[in-house]
Amino acid sequence: MSSKGAEIARRYRERRDADPDRRRKYLEKERDKWKKDRETGTKKGVNELSERAKRAKRKKWREAKSQDRARDRASALLQSETPPDSPAAPENQPEPGLSRQQRLGASARRRSKKKLKDQIEILEAQLAKEKTKTEKYKKRLHRAKKGSSSKSPRSKVNALLGRKKSQGLLSSRNIEEMSEATMCDPKAKVCAYGECSECLLTCHPMLTIPGEENIRFSQWMTEKITKDEKVSTITVKREITTTQHDLNTDFQERLLHFKRHVFNIKWQFNAYRELRRSLKHNESLLHIDFSENYSCKYSQEIQSVHFGGSHQQASLHTGVLYTAGGQAPHTFCSISPSRRHDPVAIWAHLDPILKVVRERHPQVSILHFFSDGPATQYRQKGNFFYLSTEPYKYGFKEITWNFFEASHGKGAPDGVGGVLKRSADRIVAHGGDIPDAQSLYDKLKSLDTSVELFFVPERDIESKTQVPAIAAVKGTLRIHQAISLTPGQMKYRDISCLCKREEGVLDCPCFNLQEVTLADVPVSSDESPASGKAPDNPRRPAMIEVKHIGECVCTAMA
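Numbering (the working numbering), first residue to last: 41 to 598.
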């Protein structure tokens, strides 16, 4: 169907050509224009054109002539086979309308079409809802397959809650309300940690007195098996038989641990948000995490590669850098062929971003780290050693490392890893090959992503200074904040506290702050601690002040 403008132009040409005088003037005007173009050289004769232009012009003539001949043949064929025209119908003769059956059929088709359209809309809404559900359960299945035996304090208490509820011992399954009901103040550390003399022995009441009736239930358990003189640990599901009294005792003990777990979750997240909100010009916050190793792959694989052990893996250490002054968060990721996730590898991955902080933000002298707390990676003596030594090599003066509570360390770095892995999978889906970590880095770098990428060769990790033989810090798994103000020394406590940060003090004596020496590092005179010489041997000395146990001297959790 022609457009409105083309239809108007066609009618104009028809009116012009219908008037002989107007057509004559139009042709004269076109001839004059052609002569003028020839004189000025705008239009050239075929002999004046280049050989290439001549060929193009003659090809165009041949195509036009061919179309004219085809049109003439079609016209001649129509004139030879078309019968004479029927006599014209009178102008006042009415055209036949639709019959009753045709009208009813058209109406039925319209109703059916509308009904089907409504059904499609309903089904599309249901499909979108089911897709959302499917994604949710797929993630649950993935987590269940990945580690069904690694129970958090919440899952352990929930498992017992279901059994006690089924036995008629409890009326509720809201574990947060139950834990708060056994504390004087849910926002006080002494109550959550079982150090309060008033609520230490408070237990959650039962609907009935637990008796000696037997209860059977399934429970995940770890067992050690010996095969070929090798001892390995496996996780199995066993049928357990116990009494209501023993079940109640187990529940009350786990509820005590759960109170501390919930308190740590809320406190650490509040500390993280408050630190991000109030960063000063000489501070920066690094939120880091190891993403799950990326399994390198090809767009097309033979069977032995697909099902065999030929796929390499790449380690991804992701993070987000926050600075003061309203600057946008800076996302980064370091990629390495090494599969090591120990402290040596951690600080090899951190070296590039620490250089970036020093070069782009020279005013920063205080580093705050936030991460989850796996005992094989961040929360161990090796990482504490590097924390008290490595940052000083870049000129940083004060460092804190804060840990989220167990099973609650997800954050922005996990999103960075997800974006990069989806981008890599998209490259493979479009025919690209990612056989190793170097290819992964190169392909992602070519995408011009907003995530700053670094490549950490395996030799950089192997050449890193190894952790010396030092004693483990007592109570490592309870530590949620480590502070280093002097090379080789570290202070730590059970939860994070930055109540005097605005005054320039990071080691306030809140929450039983303690100190340990991790390395004998030479200290210059301007960096010597005010308290004198540090102890020679790694140890966990007595608390700074007994009166500060369990309470912050300056602030309470909001």
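Virtual Cβ for every residue (Gly too), placed ideally from N, Cα, C.
Supposed close pair residue i, residue j - CB separation, criterion 8 Å
i: Tyr334; j: Lys461; result: 6 Å
i: Ser376; j: Ser350; result: In fact, because the Cβ distance is near 20 Å, the residues do not count as touching under 8 Å.
i: Ala559; j: Thr429; result: 6 Å
i: Gln284; j: Glu253; result: 5 Å
i: Arg419; j: Leu517; result: 7 Å
i: Val491; j: Val459; result: 7 Å
i: Glu235; j: Arg256; result: Between Arg256 and Glu235 the Cβ distance is about 37 Å, and since that is not below 8 Å, they are no contact.
Proximity of residue i and residue j at Cβ, strictly below 8 Å
i: Pro453; j: Tyr426; result: no
i: His401; j: Asn442; result: no
i: Ile265; j: Ser258; result: no
i: Arg294; j: Tyr233; result: no
i: Cys243; j: Thr222; result: yes
i: Gln308; j: Phe424; result: no
i: Val404; j: Val397; result: yes
i: Gly472; j: Lys485; result: no
i: His381; j: Thr416; result: yes
i: Ser536; j: Ala311; result: yes
i: Val302; j: Ser219; result: yes
i: His321; j: Gly365; result: yes
Close beta carbons around residue i, own chain, < 6 Å, minus the five adjacent residues each side
i: Tyr600; result: The structure shown does not extend to residue 600, since the chain is modelled only from 41 through 598, so no value can be given for it.
i: Gly422; result: Pro383 and Val507
i: Lys531; result: Ile523, Asp547, Leu553 and Glu555
i: Gln352; result: Cys336 and Asp476
i: Thr504; result: For the sequence presented, residue 504 should be read as Lys rather than Thr. The residues are Val384 and Ala388.
i: Glu498; result: Pro377 and Ser378
i: Phe410; result: Tyr312, His327 and Asn442
i: Ala512; result: Lys421
i: Glu567; result: Note on Glu567: pLDDT 39, under 50, position unreliable in the model; no value is reported.
i: Tyr338; result: Asp473
i: Ile305; result: Glu445 and His448
Spatial distance of residue i from residue j (CA atoms)
i: Asp268; j: Gly528; result: 44 Å
i: Tyr481; j: Ala388; result: 16 Å
i: Asp57; j: Lys73; result: 19 Å
i: Thr526; j: Ile510; result: 18 Å
i: Glu47; j: Ala96; result: 31 Å
i: Lys514; j: Tyr177; result: 40 Å
i: Leu138; j: Ser152; result: 20 Å
i: Ser237; j: Cys224; result: 10 Å
i: Asn87; j: Arg53; result: 33 Å
i: Glu314; j: His448; result: 18 Å
i: Gln478; j: Phe495; result: 8 Å
i: Ala277; j: Val545; result: The amino acid occupying residue 277 in the given sequence is Lys; Ala does not appear at that position. Cα to Cα, the separation comes out at about 50 Å.
i: Gln166; j: Ile406; result: 52 Å
i: Thr82; j: Leu117; result: 41 Å
i: Arg51; j: Arg62; result: 14 Å
i: Ala168; j: Ser126; result: 59 Å
i: Gly208; j: Asp286; result: Residue confidence for Gly208 is low, a pLDDT of 49 falling below 50, so the modelled location carries little weight and cannot support an answer.
i: Lys76; j: Lys105; result: 27 Å
i: Ala148; j: Thr172; result: 36 Å
i: Ile160; j: Thr281; result: 53 Å
i: Asp158; j: Glu164; result: 10 Å
i: Pro134; j: Arg140; result: 17 Å
i: Glu323; j: Lys437; result: 11 Å
i: Arg111; j: Lys99; result: 18 Å
i: Leu487; j: Thr174; result: 30 Å
i: Arg55; j: Glu103; result: 30 Å
i: Leu181; j: Glu170; result: 16 Å
i: Gly413; j: Lys450; result: 11 Å
i: Thr262; j: Phe347; result: 30 Å
i: Ala114; j: Glu91; result: 35 Å
Close beta carbons around residue i, own chain, < 8 Å, minus the five adjacent residues each side
i: Gly359; result: Leu326, His327, Ile328, Asp329, Thr371, Phe372, Cys373, Ile393, Pro453 and Val456
i: Arg71; result: none
i: Arg533; result: Ile519, His520, Gln521, Cys550, Phe551, Asn552, Leu553 and Gln554
i: Ile501; result: Ser376, Ser378, Arg380, Val384, Ala385 and Ala388
i: Pro431; result: Leu394, Leu407, Ile439 and Ser524
i: Ala464; result: Tyr334, Ile474, Leu480, Lys483 and Leu484
i: Gln142; result: none
Item to complete: Taking only runs that begin and end inside the region 497 to 565, name each unbroken beta strand (DSSP E) of 3 or more residues, in chain order.
Response: 521 to 524, 529 to 533 and 554 to 557
Discussion item. So within the region 213 to 300, which uninterrupted beta strand (DSSP E) runs reach at least 3 residues, ignoring any that extend past its ends?
Written reply: 254 to 267 and 270 to 283
Discussion item. Which runs of the beta strand (DSSP E) at least 3 residues long sit entirely within the region 46 to 111? Give them in chain order.
Written reply: none
Worksheet item: Going along the chain, which unbroken runs of the alpha helix (DSSP H) with 4 or more residues stay wholly within the region 358 to 427?
Response: 383 to 400 and 421 to 427
Item to complete: Would you list, in sequence order, the uninterrupted alpha helix (DSSP H) runs of no fewer than 4 residues that lie entirely inside the region 424 to 502?
Response: 430 to 433, 452 to 469, 477 to 486 and 498 to 502
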